[in-house]
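Worksheet for the structure shown next.
Residue numbers (my numbering), protein chains in the order written: chain D, 1 to 217; chain Z, 1 to 217; chain X, 1 to 228; chain L, 1 to 228.
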């Protein structure tokens, strides 16, 4: 089997974002999704620090450090984009106006609980940012992560052991091995990389899996 | 004794509004106060329908019906004024940013309860508008009213019989016969019109009155 | 390409159904989306719940909707005015339900809906008839009333300029409830004096970002009902 | 004549006292009022409670304030960053208290303070560590956490243009927390790139009305600390 690399994962997520969607891409890995969105379609990227219609990074030397994204990287504004303050920005999420957010995760449970903000380790300095707002606010929360930790443990779990970000908020999980739907009915497999069987995936994931209707390999 | 007419009452209220104050003048009688504010001082009139820095009425024929006050009269905007939406407008009141509001009243109690929105009569159609927000939101709520009803009953009362607008919210009452302070300590007389004695006023008002410190006749 | 502009007011309101809840912008006649309301009247649907600051003025806008008998319930702060005779008549006949809300609570409840809050403790109305039966709480020595968000199926608002992504600016005090209603309705329909090309509105001065607006229809002021 | 403009950053912060609560605008370095913070550091007062989205980046702004040992407590959403070493050190040494608040709750609580709400039921954080011990409620089938307003004695914010009445506009994503902090503090001090004559800002594009601003000080960008 051929695991997806991060670029391929980003491209896979991008494929599920329809034209017209209002989307927030979390900091880190999800930010890469922007590189794979079709340029001939209007997809609206929101950044929680107050912009809608976020464009690509500026050319080197043309950075404006008052035009940044949530990861504090210099960005640009598309024609038709706009600025607003933080309360309006978070109203977009919490009020259910945002269609999709894409977040990274430490763990996702089969019912859609998300853990992505805090390792819970003693001495760790916690930081949450907008993760909790995004997770529960967007109409759909997608997670993008490698299925296994470096130690080979599944990050798709029966029940999260890391501190939670939100309850029952994730609908889809995009990994290097498969795409899952999670929720009240448990986890189902939407698609797998070539050469991987459901049994093998089940073994790796370590949680009960069904094939989703119309699942493909 | 010489009762103040409405113009004189308005002028009297205006005298107590200092430069720099943010002020909302209620619809009806209080609107007249604007005519007596000093034109050489910066006093900021707010209208709850979304403007700050309200100016006088426009010349006849120059009305812009998208530039109106809370009483739906055409107004103007002073240089330096601005527009905003309703939630921000009421945040100005309810968040305690407005210094003074001036309201009319059916009744004010000696402890500062206000009744000015509803007669409570069967069949009356109630309408409250922004009265309740102004009454409890402004740092100081002034009432401007004739002391007696047409039937000769005092509108300064021990306890309001009309439905309340707000509890313990009025600090000063400007009437045609006297200016009162009201509050937890009861009602006191700040000043009276010429030729009126405290005893006479007491008789008319029908509530216990003290002379305020520094009261004048 | 996403283009939220509609060919006509009629097309813009074509899916508003019987029994819908509809926020309508405007304070008095300023900001009242008369042409959208006329199109709604022409559609013939009724049993509507209307959220507006007033209960109609004169013969146009919300007053016309009430006159036509399309309104089952109105949520507003100031129904009784010298020119609210259509509401008065229906109300006295028991044909329209009134939920009277202090204006600041109305604004705050609409804003709360747009922002996804579950409820708010508001200072206005405590100890009055309008808070009767409502939960209250003392917080830091001050009394508050618990109020719940007001959301709606549709918002009909009047803005000044708009673009195909739904970005809006307003004009003077016609702004009033427009920006917060746009955030609180499932489907916001804005009539604008002018639709400008994308980028025609400076990104710094957009008042309502397009995410809150689903449809935009240009109604040139020349064609607009006189709003006196 | 009311003129809220101040001659210098030092004059603008001259009455901030030991133990004060101070909101500071900015998301990362964008919108961070560096010169006002430098003036506050120069004043020498400490024991401050700071409300900011972060806990300092690099060596300037909030980071410099923390480095100088002036901060007793910080209320923020995202303290841990690659360049938050001054906070990290003080925190690990037990010298600074941290109240961690999800960013949307932070914004909503600040906005609630400015709007005079007593408390809000917010959807964020339910079922997490950050809601532990807090009142919760199910409303219409959804779970909420009760959160209280955050107000402050002062707000230090960075805007773009201002006038003598305190009207403000902002620049790009430097807007962030400025408008809501201005509404939530007893005394709001804005540094602006330019003070313009009254009327120099179109009344339609004022973002923060002057009623929310007590002092304005011009810090020309040429003199401003590089904000990379």
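Ideal Cβ placement from N, Cα and C applies to all residues, glycine included.
The structure displayed is predicted, hence computed values, not measured ones.
Check your understanding: Taking only runs of the alpha helix (DSSP H) that begin and end inside the stretch 142 to 216 of chain L, which ones reach a length of at least 4 residues, in chain order?
Key -> Fully enclosed alpha helix (DSSP H) runs of 4 or longer: 178 to 184.
Practice item. Could you check which residue in 23/D, 207/D and 32/D has the C-alpha nearest to that of residue 47/D? Key: It is 23/D.
**Study point:** Which listed residue (197/D, 170/D and 53/D) has its alpha carbon closest to that of residue 198/X
**Key:** Relative to residue 198/X, the option among 197/D, 170/D and 53/D whose CA is nearest is 53/D.
Check your understanding: Can you tell me whether DSSP reads residue 67/Z as helix, strand or coil?
Key -> Residue 67/Z falls in the coil class under three-state DSSP.
Review point. What are the start and end residues of the alpha helix (DSSP H) that includes residue 12/L?
Key: Unbroken alpha helix (DSSP H) run through residue 12/L: 9 to 12.
**Study point:** Under 7 Å by beta carbon: chain X residues contacting residue 77/D
**Key:** The contacting residues are 203.
Review point. If contact means a Cβ-Cβ distance below 8 Å, which residues of the stretch 189 to 217 of chain X contact chain D?
Key: So the list reads 198, 199, 201, 203, 204, 206, 209, 210, 211 and 212, given in the order they occur along the chain.
Check your understanding: Tell me which same chain residues have a C-beta within less than 6 Å of the C-beta of residue 70/D, skipping the five on either side of it?
Key -> Same-chain partners within the cutoff: 27, 47, 48 and 49.
Point to revise | Counterpart residues of residue 12/D in DSSP-defined beta bridges | key: Paired residue(s): none; residue 12/D is not in a bridge.
Check your understanding: Does the separation of the CB atoms of residue 216/L and residue 166/L fall below 8 Å?
Key -> Yes; because the gap between Cβ atoms is below 8 Å, this pair is in contact.
**Study point:** Any beta strand (DSSP E) of 3 or more consecutive residues that is wholly inside the stretch 84 to 129 of chain X
**Key:** Taken in chain order, the whole beta strand (DSSP E) runs of length 3 or more contained in the stretch 84 to 129 of chain X are 97 to 100 and 119 to 122.
Exercise for review: Please determine, among 70/X, 196/X and 29/X, the residue with the shortest C-alpha to C-alpha distance to residue 22/X.
Suggested key: Residue nearest to residue 22/X within the set 70/X, 196/X and 29/X is 70/X (criterion: CA-CA distance).
Review point. Using a Cβ-Cβ distance under 8 Å, would residue 129/L count as near chain X?
Key: Chain X, which has no Cβ nearer than 8 Å to the Cβ of residue 129/L, makes this no.
Check your understanding: Out of curiosity, what's the CA-to-CA distance linking residue 193/X and residue 149/D?
Key -> Taking the straight line joining both Cα atoms gives about 56 Å.
Point to revise | Simplified DSSP assignment, three categories, for residue 67/X | key: In the structure shown, the three-state DSSP call for residue 67/X is helix.
Check your understanding: Between which two residues does the beta strand (DSSP E) containing residue 21/X stretch?
Key -> 21 to 24 is the extent of the beta strand (DSSP E) around residue 21/X.
Practice item. Pull up the distance between the alpha-carbon of residue 130/L and that of residue 149/X, whole angstroms please. Key: Distance between residue 130/L and residue 149/X, taken at the CA atoms: about 24 Å.
Review point. So does the stretch 30 to 40 of chain L actually touch the stretch 5 to 13 of chain L, counting three or more Cβ pairs closer than 8 Å?
Key: Touching, yes.
Review point. Along the stretch 146 to 169 of chain X, what residues have a CB closer than 8 Å to any CB found in chain L?
Key: The residues in question are 148 and 169.
Review point. Do the CB positions of residue 16/L and residue 43/L come within less than 8 Å of each other?
Key: Yes, these two residues count as a Cβ contact at 8 Å.
Check your understanding: What is the residue span of the beta strand (DSSP E) that residue 44/D lies within?
Key -> DSSP places residue 44/D in the uninterrupted beta strand (DSSP E) bounded by 44 to 47.
**Study point:** Delimiting residues of the alpha helix (DSSP H) encompassing residue 43/L
**Key:** Segment 34 to 43, the alpha helix (DSSP H) holding residue 43/L.
Review point. If you draw a straight line from the alpha carbon of residue 144/X to that of residue 116/L, how long is it in whole angstroms?
Key: As the crow flies, the alpha-carbon of residue 144/X is around 10 Å from that of residue 116/L.
Check your understanding: Would you say residue 71/D faces chain X, with C-beta separation under 8 Å as the test?
Key -> Chain X, which has no Cβ nearer than 8 Å to the Cβ of residue 71/D, makes this no.
Point to revise | Chain-ordered chain D contacts of residue 115/X [CB-CB under 8 Å] | key: Among the residues of chain D, those whose CB is under 8 Å from the CB of residue 115/X are 87, 90, 91, 94 and 95, following chain order.
**Study point:** Test item: CB-CB of residue 97/D and residue 176/L under 8 Å
**Key:** It is not a contact, given that the beta carbons lie outside the stated cut-off.
**Study point:** Distance between residue 204/X and residue 170/L (C-alpha atoms, nearest Å)
**Key:** The alpha-carbon atoms of residue 170/L and residue 204/X are separated by roughly 8 Å.
Check your understanding: From 158/L, 53/L and 72/L, pick the residue whose C-alpha is nearest to that of residue 229/L; which is it?
Key -> The displayed coordinates of chain L run from 1 to 228. Any statement about residue 229/L would go beyond what the structure contains.
Exercise for review: From the DSSP output, in three-state form, read off residue 209/Z for me.
Suggested key: Looking at residue 209/Z - three-state DSSP - the assignment turns out to be strand.
Exercise for review: Name the one or two DSSP bridge partners that residue 140/D has.
Suggested key: Beta-bridge partners assigned by DSSP to residue 140/D: 100/D.
Point to revise | Proximal residues, the stretch 106 to 133 of chain D versus chain L, C-beta separation under 9 Å | key: Identification of residues in the stretch 106 to 133 of chain D having a C-beta nearer than 9 Å to some C-beta of chain L yields 113, 117, 118, 120, 123, 124, 125, 126, 127, 128, 129, 130, 131, 132 and 133, given in sequence order.
Point to revise | Coil, strand or helix - residue 31/D by DSSP | key: When DSSP states are grouped into helix, strand and coil, residue 31/D belongs to the helix group.
Practice item. Using a Cβ-Cβ cut-off of 8 Å, state whether residue 166/D counts as contacting chain X. Key: It does not: the Cβ of residue 166/D has no partner Cβ on chain X nearer than 8 Å.
**Study point:** Whole-angstrom distance between residue 166/D and residue 27/L, CA atom to CA atom
**Key:** Distance between the alpha carbons of residue 27/L and residue 166/D: 23 Å.
Check your understanding: Tell me, which residues are paired with residue 224/D by DSSP?
Key -> Here chain D has residues from 1 to 217 only, and residue 224/D is not among them.
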